[in-house]
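Novice: Below you will find the structure I want to go over with you.
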Amino acid sequence: MTAQRPALRMLGLLDEFAKLDPEMQIQQISVFLRIVEKPDLSMRELEQLTGLSSSSVSRNVSALSKVHRKGQPGHDLVATYEDTQDRRIKRVKPTPKGMKVFNTLNMVIGL
Numbered sequence: 005m006t007a008q009r010p011a012l013r014m015l016g017l018l019d020e021f022a023k024l025d026p027e028m029q030i031q032q033i034s035v036f037l038r039i040v041e042k043p044d045l046s047m048r049e050l051e052q053l054t055g056l057s058s059s060s061v062s063r064n065v066s067a068l069s070k071v072h073r074k075g076q077p078g079h080d081l082v083a084t085y086e087d088t089q090d091r092r093i094k095r096v097k098p099t100p101k102g103m104k105v106f107n108t109l110n111m112v113i114g115l
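In the working numbering, the protein residues as written are 5 to 115.
In C-alpha cells:
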C-alpha cells in the first residue's frame with residue numbers, strides 16, 4: 005500500500021491542474037514546473053531542460069501566459085520578459101498566480 009502513495013499524490017497534482025484547465029497538456033505542466041523550479045530561465049535554457057523544440061516551448065509558454073496565441077486568454081501562470089543585458093534573450097518567470105498554484109500543489113503532496 006505504501007508504494008501507491010506517491011502515485012496517488014501525483015493524481016492529486018493532476019487534479020489540481022485539471023481545475024485550471026481540464027484539457028491541459030502534460031507538456032504545459034512540465035514547462036510550468038521547470039519555470040517554478042528555476043525562475044528567470046531563458047527560452048533556450050527551457051528547451052534544453054525539457055527536451056522540447058523551440059516552437060513547442062514557445063507554444064506552451066504562451067498557453068501558460070496571460071494571453072495565449074491569437075489573443076485567447078491564457079492561464080496567467082508565467083510571464084515573459086526581455087533579458088536586461090541582451091534584449092534578444094527572452095526570459096520566463098512564474099507570476100504571483102503561478103506561485104499560488106505551485107504552493108497549492110505542494111500542500112496536495114504534503115510538502
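Note that CB positions come from ideal geometry on N, CA and C, so glycine has one too.
Please classify S69 as buried or exposed, where buried requires at least 16 other C-beta atoms within 10 Å of its C-beta.
Specialist: S69 comes out buried.
Novice: Can you give me the C-alpha to C-alpha distance between V35 and D90, rounded to a whole angstrom?
Specialist: Rounded to the nearest angstrom, the two C-alpha atoms are 23 Å apart.
Novice: Would you mind sorting I39 into buried or exposed? The rule is 16 or more other CB atoms within 10 Å of its CB.
Specialist: By the 10 Å Cβ count, I39 comes out buried.
Novice: So K97 is in the beta strand (DSSP E); what residue range does that whole segment cover?
Specialist: Per DSSP, K97 belongs to the beta strand (DSSP E) from 94 to 98.
Novice: Can you find the residues in the same chain that come closer than 6 Å, C-beta to C-beta, to N64, ignoring five residues on each side of it along the sequence?
Specialist: Around N64: Q31, Q32, V35.
Novice: For E27, which three-state DSSP category applies?
Specialist: Looking at E27 - three-state DSSP - the assignment turns out to be coil, as it is neither helix nor strand.
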